[in-house]
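Using this note's numbering, the first residue of the sequence shown is number 38, and each one after it goes up by one.
Cβ coordinates follow ideal geometry from the N, Cα and C atoms, glycine included.
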Amino acid sequence: MTAPTTTLSPALAALIRQMPKVELHVHFLGAMQPETVLELARRNRVSLPFDTLEGLREWFRFRDFRHFIDVYMEAVRVTETVEDIEYGAWAFLQGQAAQNIIYSELTFTPRIDHLKSNHPPFSEQLAAFKRATMRAEKELGISMGVVIDFPRDITVDEADLYVNAAIEGYGRGVVAFGIGGYEPGNPIERYRRQFDAACAAGVPNVPHAGEHVGPESVWSAIRVANPARIGHGVRSIEDPELVAFLRDHQIPLEICPTSNIALKGYPTLADHPIQRLIDAGVIVTVNSDDPPMFSTTLTDEFLLTAETFGWDADTLEALTLNAVRSTLLPDARKAAVAHFVKAEFARLSSGG
Numbered sequence: 038m039t040a041p042t043t044t045l046s047p048a049l050a051a052l053i054r055q056m057p058k059v060e061l062h063v064h065f066l067g068a069m070q071p072e073t074v075l076e077l078a079r080r081n082r083v084s085l086p087f088d089t090l091e092g093l094r095e096w097f098r099f100r101d102f103r104h105f106i107d108v109y110m111e112a113v114r115v116t117e118t119v120e121d122i123e124y125g126a127w128a129f130l131q132g133q134a135a136q137n138i139i140y141s142e143l144t145f146t147p148r149i150d151h152l153k154s155n156h157p158p159f160s161e162q163l164a165a166f167k168r169a170t171m172r173a174e175k176e177l178g179i180s181m182g183v184v185i186d187f188p189r190d191i192t193v194d195e196a197d198l199y200v201n202a203a204i205e206g207y208g209r210g211v212v213a214f215g216i217g218g219y220e221p222g223n224p225i226e227r228y229r230r231q232f233d234a235a236c237a238a239g240v241p242n243v244p245h246a247g248e249h250v251g252p253e254s255v256w257s258a259i260r261v262a263n264p265a266r267i268g269h270g271v272r273s274i275e276d277p278e279l280v281a282f283l284r285d286h287q288i289p290l291e292i293c294p295t296s297n298i299a300l301k302g303y304p305t306l307a308d309h310p311i312q313r314l315i316d317a318g319v320i321v322t323v324n325s326d327d328p329p330m331f332s333t334t335l336t337d338e339f340l341l342t343a344e345t346f347g348w349d350a351d352t353l354e355a356l357t358l359n360a361v362r363s364t365l366l367p368d369a370r371k372a373a374v375a376h377f378v379k380a381e382f383a384r385l386s387s388g389g
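Dropping the structure here:
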């Protein structure tokens with residue numbers, strides 16, 4: 038992937054590339070690089086729209102929402118076995134390490150047919166993520182937790198399969214339960230039972246809201262899910278009362294700028310409300326969502342937003358610490374990661 042052109046100073050651009058990062062909103066299947074999809078297709082004898090890496094890379098380029106779904110579904114189709122999950126997770130973690138992303142909370146939407154048929158069993162799917170994570174901790178010095186997510190257009194009974202999986206896996210790699218997918222016409226209230234069950238089991242909820250629908254979707258997520266974080270939430274800016282609530286209750290937002298622009302939430306990055314949310318005191322984190330499908334990376338997100346909004350090293354450090362403190366890690370681990378981040382920023386800023 039070609040890095041974006043930037044007018045940032047060489048020193049600040051270098052800092053962004055080298056600084057430690059934490060990512061909280063990135064989808065497992067949406068983060069699969071064309072190379073990974075092609076390899077899994079060959080393993081599983083799945084026919085793709087293109088059978089060369091060059092052709093597949095070009096096909097991955099975002100065109101519109103319908104095309105985005107088509108690309109995403111190819112990643113779903115090629116991921117058939119536990120071995121596929123482990124291969125994809127390891128490839129993802131290698132990509133994160135290359136960007137100095139020291140910790141990720143990766144959203145995984147299991148295939149409904151796998152959950153219904155119990156093949157492969159969810160425990161084995163989770164074990165595949167665990168093996169990849171343990172390898173990354175040993176070989177790459179980075180780590181990962183998993184958020185179990187379900188699409189908001191399935192039946193209530195099907196949604197039970199997902200919350201049961203999240204509860205089963207909590208403490209064994211799973212860190213949260215979430216909901217994603219297309220918001221219009223798919224209210225979160227339909228799934229109150231599932232979010233109540235997660236809360237009762239002590240599993241944090243991290244729903245998507247306020248991406249395609251306005252502040253009312255975020256208010257609904259707050260009422261229904263008692264969220265630890267909100268995925269996206271950018272349209273909260275349209276309601277000053279909601280902005281104040283998010284600030285006062287310290288509910289972080291997982292902002293994905295390039296994704297919001299690509300999906301027509303805002304015409305340009307300069308129009309994006311991320312800076313206004315920061316200025317209002319909301320806890321904001323920066324994320325990549327489905328990076329190869331939007332031709333981005335977390336590093337690119339920081340390069341572009343820093344250039345657009347004039348962020349300096351102090352702002353970048355503050356945003357990184359926001360992400361650390363918004364993780365679902367135990368408090369002692371959060372403190373250790375925050376200490377490392379501060380030390381690394383100090384070293385990099387001093388030219389070390």
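Nearest neighbour of residue i, chosen from the options [CA to CA]
{"i": "residue 188", "options": "214, 373, 281", "result": "214"}
{"i": "residue 166", "options": "183, 150, 176", "result": "183"}
{"i": "residue 279", "options": "295, 256, 264, 290", "result": "256"}
{"i": "residue 75", "options": "61, 90, 219", "result": "90"}
{"i": "residue 144", "options": "238, 62, 259", "result": "62"}
{"i": "residue 354", "options": "71, 384, 206", "result": "384"}
{"i": "residue 230", "options": "198, 246, 314", "result": "198"}
{"i": "residue 318", "options": "297, 174, 356", "result": "356"}
{"i": "residue 337", "options": "347, 72, 323, 349", "result": "323"}
{"i": "residue 258", "options": "225, 273, 200, 274", "result": "225"}
Beta-carbon gap between residue i and residue j smaller than 9 angstroms
{"i": "residue 340", "j": "residue 48", "result": "no"}
{"i": "residue 409", "j": "residue 136", "result": "As shown, the chain starts at 38 and ends at 389. That puts residue 409 outside it, with no answer to give."}
{"i": "residue 119", "j": "residue 83", "result": "no"}
{"i": "residue 292", "j": "residue 261", "result": "no"}
{"i": "residue 331", "j": "residue 87", "result": "no"}
{"i": "residue 64", "j": "residue 194", "result": "no"}
{"i": "residue 374", "j": "residue 216", "result": "no"}
{"i": "residue 276", "j": "residue 251", "result": "yes"}
{"i": "residue 152", "j": "residue 211", "result": "no"}
{"i": "residue 196", "j": "residue 159", "result": "no"}
Within-9 angstroms CB hit, residue i to chain D
{"i": "residue 194", "result": "Absent here is chain D; the protein component of the structure consists of one chain."}
Residue(s) in a DSSP beta bridge with residue i
{"i": "residue 238", "result": "Residue 238 pairs with nothing; no bridge assigned."}
{"i": "residue 245", "result": "268"}
{"i": "residue 58", "result": "138"}
{"i": "residue 63", "result": "143, 326"}
{"i": "residue 228", "result": "The partner list for residue 228 (beta bridge, DSSP) is empty, contrary to what the question assumes."}
{"i": "residue 52", "result": "According to DSSP, residue 52 bridges with nothing at all."}
{"i": "residue 85", "result": "Residue 85 is not bridged to any residue."}
Limits of the alpha helix (DSSP H) - the one that residue i falls within
{"i": "residue 115", "result": "102-115"}
{"i": "residue 261", "result": "252-262"}
{"i": "residue 71", "result": "71-81"}
{"i": "residue 92", "result": "90-97"}
{"i": "residue 400", "result": "Because the chain spans 38 through 389 in this model, residue 400 falls outside it and cannot be assessed."}
Run of the beta strand (DSSP E) containing residue i, from where it starts to where it stops
{"i": "residue 211", "result": "211-217"}
Beta strand (DSSP E) segments (min. 3 residues) lying fully within the segment 131-203: List check, beta strand (DSSP E) in window: 138-145, 180-188.
Sequence ranges, alpha helix (DSSP H) only - wholly within the segment 292-370, length at least 4: Within the segment 292-370, complete alpha helix (DSSP H) segments of at least 4 residues are found at 294-299, 311-316, 335-346, 350-363, given in chain order.
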